[in-house]
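Chains as they are written, first to last, in the working numbering: chain A, 1 to 131; chain B, 132 to 243.
All residues carry an ideal CB built from backbone N, CA and C; glycine is no exception.
Worksheet: one structure, shown below.
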Amino acid sequence: MRFDYSNDLFPPALVLPAWVRARGSQIALPLPAKVDTGAGITVLPERIQGELDLMPLGRVMCYEALNDRPQQRQTYFVEMSLDRESFVLVEVILAPKARGLLGRDVINDYDLHAYPRQGYFELHRATNAPT
Amino acid sequence: MAKDEKPLPDATAEPVADYAAATPRANVENKNLAQWRKEAAYFDALMPKLWQDSKLRHKYVAVKGQKIVDFDEDKIRLAGRVLDNYPGEVVFIERVEAGASGVELSGPEVRP
Numbered sequence: 001m002r003f004d005y006s007n008d009l010f011p012p013a014l015v016l017p018a019w020v021r022a023r024g025s026q027i028a029l030p031l032p033a034k035v036d037t038g039a040g041i042t043v044l045p046e047r048i049q050g051e052l053d054l055m056p057l058g059r060v061m062c063y064e065a066l067n068d069r070p071q072q073r074q075t076y077f078v079e080m081s082l083d084r085e086s087f088v089l090v091e092v093i094l095a096p097k098a099r100g101l102l103g104r105d106v107i108n109d110y111d112l113h114a115y116p117r118q119g120y121f122e123l124h125r126a127t128n129a130p131t
Numbered sequence: 132m133a134k135d136e137k138p139l140p141d142a143t144a145e146p147v148a149d150y151a152a153a154t155p156r157a158n159v160e161n162k163n164l165a166q167w168r169k170e171a172a173y174f175d176a177l178m179p180k181l182w183q184d185s186k187l188r189h190k191y192v193a194v195k196g197q198k199i200v201d202f203d204e205d206k207i208r209l210a211g212r213v214l215d216n217y218p219g220e221v222v223f224i225e226r227v228e229a230g231a232s233g234v235e236l237s238g239p240e241v242r243p
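The structure is reproduced here in structure tokens:
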């Protein structure tokens, strides 16, 4: 899969169109998501909770880069796809953001090649990634 | 209405409709969150006992109705089963572990 860098962010960033849905649902919502190698967990906009009728399941202690105080957050599980065909269950936290952040929990199942000077990046599901 | 009396603006019409639609949902969400916190508190209280159980130690457990209803060494697999077996129900998942784990989040964005 090949995507253009997003110039909506400065400096330009790796943003791609992801799809999220509740477990077992056939209705998936489109969601712009920024590839974020600095995030240990994927983050979705809070509005998703209502739109997908999500319930909290787990919890996780979050350490933010510029905040010394860790914060405990509820986690939710959604099915996510980067190609709108194959969905995998992902644990996420919610935050008041317009776009999602694809954390290393998702990214690490992909081979990522970025060409910022050419303005595009490629993402391919790793051959040994779990199904 | 008196001659000089101005009619009230109808600015509340839509928000009231939104409020009416949103309130029952907000109540359900708050109730679910309160129940989820109860399940979490139950897990925390039970943790020393769970840690002694070699079958559960280092595993993820699912708590529902203040009972352990499922467990697995894989969190995603357990969450999938929980969502399939208890749709729409309040369940709490946590790992039976001695120390707390955490994840880091990314740094700030700048705007041009």
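>> Please report the straight-line C-alpha distance between arginine 226/B and tyrosine 191/B, rounded to a whole angstrom.
In response: 4 Å
> Within 8 Å (strictly less), CB to CB, does tyrosine 63/A reach chain B?
Replying inline: yes
>> So that I know if they touch, is there some Cβ in chain A lying closer than 8 Å to that of serine 185/B?
In response: no
>> Just to confirm my understanding: we take alanine 229/B, look at its own chain, exclude 5 residues before and 5 after, and list those with CB closer than 8 Å. What are they?
In response: Trp182
>> Using only CA atoms, which one of Gly119/A, Thr127/A, Asn128/A lies nearest to proline 11/A?
In response: Gly119/A
>> Within the continuous alpha helix (DSSP H) that includes lysine 97/A, where are the two ends?
In response: That residue, lysine 97/A, is in no alpha helix (DSSP H); it is neither H nor E in DSSP.
> What are the start and end residues of the beta strand (DSSP E) that includes glycine 103/A?
Replying inline: Looking at the DSSP string, glycine 103/A is not in any beta strand (DSSP E), and its letter there is neither H nor E.
>> If contacts are defined as beta-carbon pairs under 8 Å, then proline 70/A and glycine 219/B qualify, I think. What distance do you get, rounded to the angstrom?
In response: About 31 Å separates the two Cβ atoms, so there is no contact after all.
> In chain B, what lies closer than 8 Å to glycine 38/A by C-beta?
Replying inline: Glu235, Leu236, Ser237, Gly238
>> For the segment 176-207 of chain B, list every residue whose C-beta sits within 9 Å of some C-beta in chain A, in sequence order.
In response: Tyr191, Ala193, Lys206, Ile207
>> Restricting to Cα atoms, I'd like to know which of Ala39/A, Pro45/A, Val106/A is closest to leucine 89/A.
In response: Val106/A
> For alanine 152/B and chain A, any beta-carbon pair shorter than 8 Å?
Replying inline: Because the pLDDT at alanine 152/B is just 46, under 50, the model does not fix this residue reliably, and the point stays unresolved.
> According to DSSP, which residues form a beta bridge with aspartate 201/B?
Replying inline: Ala193/B
>> Against chain A, with Cβ distances strictly below 8 Å, would asparagine 161/B count as a contact?
In response: no
>> Quick check on this structure: which residue in Ile207/B, Val222/B, Ser185/B has the alpha carbon closest to the alpha carbon of phenylalanine 174/B?
In response: Val222/B
>> Report the CB separation of alanine 101/A from proline 239/B in whole angstroms; it is logged as a contact under 8 Å.
In response: Alanine is not the amino acid found at residue 101/A; the sequence shown has leucine there. About 12 Å; that fails the 8 Å criterion.
>> So that I know if they touch, is there some Cβ in chain A lying closer than 8 Å to that of glutamate 225/B?
In response: yes
> Whose CA, out of Leu82/A, Ile41/A, Gly50/A, lies closest to the CA of glutamate 64/A?
Replying inline: Ile41/A
> Between the C-alpha atoms of alanine 210/B and arginine 59/A, what's the straight-line distance to the nearest angstrom?
Replying inline: 12 Å
> Is the beta carbon of leucine 236/B less than 8 Å from the beta carbon of alanine 39/A?
Replying inline: yes
> For alanine 231/B, which of Tyr76/A, His124/A, Gln72/A has the nearest alpha-carbon?
Replying inline: Gln72/A
> Taking DSSP as the reference, what is the three-state secondary structure of alanine 152/B?
Replying inline: Unreliable positioning characterises alanine 152/B in this predicted model, as indicated by a pLDDT of 46, which lies under 50. The coordinate reading is nonetheless provided below. Three-state DSSP puts alanine 152/B in a helix.
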